[in-house]
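Notes follow the structure.
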Amino acid sequence: MIEPRILENCLVDMTNGYDRLKAENEKLRQSLKEMLETYGGLGTSRVIIRARALVSTATTEGGNG
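Residues in the sequence shown are numbered from 3 upward in steps of one, following the numbering used here.
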């Protein structure tokens, strides 16, 4: 049987991980919103290129966290 302390530590780790992902997601959403406001009139392809770069960076940083 797994000790309750170990299960509690796992739950805390999972919660902290979820909170970090949620915060990163919110930062990403805000950045994309700002990009659309700034570059929206310049053409969709430019926004998509910048969004892909941002997502790539956020994914890489989040994966290393």
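For every residue, glycine included, the Cβ atom is placed at its ideal position computed from N, Cα and C. Computed from a predicted model, the values in this text were never measured in an experiment.
Chain-order list of residues whose beta-carbon lies under 7 Å from that of residue i (same chain, five-residue window excluded)
i, result
"residue 52", "37, 41"
CA-to-CA distance, residue j to residue i, given in whole angstroms
i, j, result
"residue 25", "residue 14", "16 Å"
"residue 50", "residue 35", "12 Å"
"residue 19", "residue 39", "30 Å"
"residue 16", "residue 22", "10 Å"
Contacting residues, own chain, Cβ-Cβ under 6 Å from residue i (five flanking each side not counted)
i, result
"residue 33", "56"
Whole runs of the alpha helix (DSSP H) within the region 6-52, excluding any shorter than 4 residues: 6-41
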